[in-house]
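Trainee:
In this note's numbering, the protein residues as written are 6 to 240.
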C-alpha cells in the first residue's frame, strides 16, 4: 500500500489487515493445492492434514474481520481507505469459503479411497484443479500489485473451467450409466468437480473485488459463463 497517513498508527492498522489477508489467501492456496494433489496421490495422512487445517483458515478470517471492523469503528476511513477495508473483508470471506471447499474435496477423496474403486476417470478433474490453482496464484499477484488488467483476465478465464466442468460432468454420468456399481463413486466425483468449479467462481469474485479496489467501480455483471451441467441431458 503506497498511501501514507498523518497517523502512522492508521498505516500500521491497514498493514496489519493486509498482512493477515495475504496470510489467509496463501494458506487457502496451500490447502487447495494440497487437496488437488491428494486426489491423485490418495495419501490419507495428507488428506487428514488438509481437513484439520481448515480451522487455521477460520481463525485467520476471524482476525481479518476483527481488524477490519476495528479500523472502521476507530479510524472512520473514507474514500479509498474505506474501499480497501471493505474489499479486504469481502475477500477474506471468499478465501475462507475456498478453504471449506478444499476440506470438502478432501473428505470426498477420503471416501473414494474407502470405496476402493480403481477405474477412476480422473484426468480431467486433475486438469481442472491445476488450472484453478493457477487462477488462484494469479489473483493473489493481482491483489498484491493492484493489477486490474490481470484481474479482468482472471475473471474472463473462468469460462475455461466451466467448459471443463461440463465435459467432466457428461463423462461421469456416461460412466455411471454404463457401470451401475460406479454410481456411489461417480456421485462423489461429481461433487468434487463441482467444488473445483465453485472455487474458480470464488476466485473470479476476488478478481472483481480487485478491479473495484483499483477503479472505484464494479466490473460489468456480464461475466462469461459456460457451465451447462444444469441444461445438459446425457445421451
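From the three backbone atoms N, C-alpha and C, an ideal C-beta is built for every residue, glycine too.
#1: Could you say if the stretch 46-56 and the stretch 128-137 meet the contact criterion of at least three C-beta pairs nearer than 8 Å?
#2: Out of curiosity, what's the CA-to-CA distance linking residue 191 and residue 178?
#3: Let me know if residue 221 comes out buried or exposed under the rule of 16 or more other beta-carbons within 10 Å of its beta-carbon.
#4: Quick one: what does DSSP say residue 189 is sitting in, helix, strand or coil?
#5: Distance, Cα to Cα, residue 102 vs residue 69?
#6: Tell me whether residue 214 is buried or exposed, calling it buried when 16 or more other Cβ atoms sit within 10 Å of its Cβ.
#7: Can you give, in chain order, each stretch of the alpha helix (DSSP H) that sits fully within the stretch 198-231 and has at least 4 residues?
#8: Quick one: is residue 108 buried, meaning 16 or more other Cβ sit within 10 Å of its Cβ, or exposed?
#9: Where does residue 43 fall in DSSP's three states?
#10: Could you check whether the stretch 13-24 touches the stretch 80-95, counting it as contact only if at least three pairs of C-beta atoms, one from each stretch, sit closer than 8 Å?
#11: Would you call the CB atoms of residue 244 and residue 114 closer than 9 Å?
#12: Is the separation between the beta-carbon of residue 55 and that of residue 36 shorter than 9 Å?
#13: Following the continuous alpha helix (DSSP H) through residue 58, name the residue where it begins and the one where it ends.
#14: Please classify residue 39: is it buried, with 16 or more other beta-carbons within 10 angstroms of its beta-carbon, or exposed?
#15: Looking at residue 118 and residue 52, is the spacing between their C-beta atoms short of 9 Å?
#16: For residue 29 versus residue 142, is the C-beta distance shorter than 9 Å?
#17: When DSSP labels each residue in this structure, what does residue 152 get in the three-state scheme?
#18: Report the option in 67, 111, 106 and 129 whose CA atom is closest to the CA atom of residue 174.
#19: How would you call residue 13, buried or exposed, if buried means at least 16 neighbouring beta carbons within 10 angstroms?
#20: Could you tell me the distance, in whole angstroms, from the CA atom of residue 189 to the CA atom of residue 65?
Mentor: Let me lay it out:
#1: no
#2: 7 Å
#3: exposed
#4: helix
#5: Straight-line Cα distance between these residues: approximately 14 Å.
#6: buried
#7: none
#8: Buried, because 16 or more other Cβ atoms sit within 10 Å of the Cβ of residue 108.
#9: helix
#10: yes
#11: Shown here, the chain extends from 6 to 240; a query on residue 244 therefore has no answer.
#12: yes
#13: 49-80
#14: Residue 39 should be labelled buried.
#15: Residue 118 is positioned such that its CB atom lies closer than 9 Å to that of residue 52.
#16: no
#17: coil
#18: 129
#19: exposed
#20: 35 Å
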